[in-house]
Amino acid sequence: MAGQAGLSTHVLDTARGCPAAGVQIELVRVDGQNRTSLKTATTNADGRTDQPLIERGALEKGTYELTFHVAEYFSTFGATAQPPFLDIVTLRFTVGDTEAHYHIPLLVSPWSYSTYRGS
């Protein structure tokens, strides 16, 4: 049952010190062996998607994956080795609280990444 929770993301390019515009993102719901594609989006000039990945009140408990196509993004700046060290970054997370918003930033360079649950 959904509460007030929604899902948003933000991608920051830590190598260049700026938001990462143009990163393709895929959102999938995972239920055992079943995978349901929910949304595909691309980050804007602020490194965010134009709309939340899941609107407030529509996020349900369960397991999700966010997949970020970072090699494609970094290749536009010639910042990746060939082949790239990081190609696709997939974050799997579980929603257990549908009353609080889930914001999942990705801080990424061509060689590393980190993430956390924001608000």
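Numbering (the UniProt record's numbering), first residue to last: 1 to 119.
Positions of the beta carbon are idealized from the N, C-alpha and C atoms, including for glycine.
**Q.** Cβ pair GLU99, GLY3 closer than 8 angstroms
**A.** For the purposes of this step, residue 99 is identified with residue 99 of the sequence shown, where counting begins at 1. For the purposes of this step, residue 3 is identified with residue 3 of the sequence shown, where counting begins at 1. Contact: yes.
Q. Taking only runs of the alpha helix (DSSP H) that begin and end inside the UniProt domain "Transthyretin/hydroxyisourate hydrolase" (7 to 118), which ones reach a length of at least 4 residues, in chain order?
A. 70 to 75
Q. Counting pairs of Cβ atoms below 8 angstroms between the stretch 61 to 72 and the stretch 91 to 105, do you hit three or more?
A. yes
Q: Alpha carbon to alpha carbon, how far is LEU38 from residue 171? Give it in angstroms, no decimals.
A: An answer regarding residue 171 cannot be provided, because it is not within the stretch 1 to 119 covered by the chain.
(Q) Beta-carbon within less than 7 angstroms of THR36's beta-carbon, same chain only, minus the 5 sequence neighbours each way: which residues are those? (A) Walking along the sequence shown from the start, residue 36 turns up at place 36. Short of 7 angstroms from the beta carbon of THR36, and not among the five residues preceding or following it, lie these beta carbons of its own chain, in chain order: VAL28, ARG29.
**Q.** Own chain residues within Cβ distance below 7 angstroms of GLY96, not counting five before or after
**A.** In the sequence shown, residue 96 corresponds to position 96, counting from 1. Around GLY96: LYS61.
Q: Thinking ALA15 and SER109 are a contact (beta carbons under 8 angstroms), I'd like their distance in whole angstroms, please.
A: The sequence position of residue 15 within the sequence shown is 15, counting from 1. The sequence position of residue 109 within the sequence shown is 109, counting from 1. Contact holds; Cβ gap of about 4 angstroms.
Q: Determine the direct distance from the alpha carbon of GLY32 to that of GLN82, and round the result to whole angstroms.
A: As a position in the sequence shown, residue 82 is number 82, starting the count at 1. As a position in the sequence shown, residue 32 is number 32, starting the count at 1. If I take the Cα positions, the gap works out to 35 angstroms.
Q: Pull up the distance between the alpha-carbon of GLY22 and that of SER114, whole angstroms please.
A: Sequence index remark: in the sequence shown, residue 22 carries index 22 (1-based). Sequence index remark: in the sequence shown, residue 114 carries index 114 (1-based). The alpha-carbon atoms of GLY22 and SER114 are separated by roughly 19 angstroms.
Q.
For PRO84, which residues in the same chain have their Cβ closer than 6 angstroms to its Cβ, ignoring the five residues on either side in sequence?
A. Residue 84 sits at position 84 when you count from the first residue of the sequence shown. Hits under 6 angstroms: ALA71.
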